[in-house]
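Heads up: the sequence shown begins at 1150 in our numbering, then just goes up one per residue.
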Amino acid sequence: MEPDFREGDQVLVSTVNFNNLKGPKKMRDSFVEPFTIIFPVSLVKPYFQTEEERFPSRKRNLTPPEIVEMEESPGPVNKIIKARGIRLNCKDQRQYLVRFKNQTADTDKWFARDAIPDGNLHLRRFRASRRTEKSLQ
């Protein structure tokens, strides 16, 4: 059964019969451009302008993870506890959970690498402690 298309709908066109595309076949797009329908229907699939049109029931989390500036820190850094990867503004970023001197775990905060004072020293210690933990297991 073929999809239900109407004249004037926007669709993506299969590149299976295109011989004039450059580059390795493996790296080419399977479908190209949104076109207005004038092709045989068997070569097209629906085109959605936005993700919201394609997945209307999907809930989007519009609040980015909290990144704290070091100015808000409660004191000097004691050590780095954990690391995590997050996606912020379409870029992958690494953050580190920092524990401050003379503070409890409830004041631990996530920071980007560049925002940690003496970050290189603390990161070296953190990575070394993770290596020793793995070797003991």
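No residue lacks a Cβ here, since even glycine has one placed at the ideal position from N, Cα and C. These numbers come from a predicted model, not from an experiment.
Test item: CB-CB of residue i and residue j under 8 Å
i, j, result
"R1274", "K1231", "no"
"K1258", "P1225", "no"
"R1262", "L1270", "no"
Distance between residue j and residue i (C-alpha atoms, nearest Å)
i, j, result
"R1329", "S1206", "The structure shown does not extend to residue 1329, since the chain spans only 1150 to 1286, so no value can be given for it."
"Q1159", "P1195", "7 Å"
"L1161", "R1236", "29 Å"
"R1265", "G1157", "For the record, residue 1265 in the displayed sequence is Ile; it is not Arg. Cα to Cα, the separation comes out at about 55 Å."
"R1233", "F1260", "10 Å"
Cut-off 6 Å between Cβ atoms - residues of its own chain near residue i, not counting five sequence neighbours on either side
i, result
"P1223", "F1249, Q1252 and T1256"
DSSP-derived helix/strand/coil call for residue i
i, result
"K1194", "strand"
"G1224", "coil"
"G1268", "helix"
"D1241", "strand"
"K1250", "coil"
"K1283", "helix"
"F1260", "strand"
"S1163", "strand"
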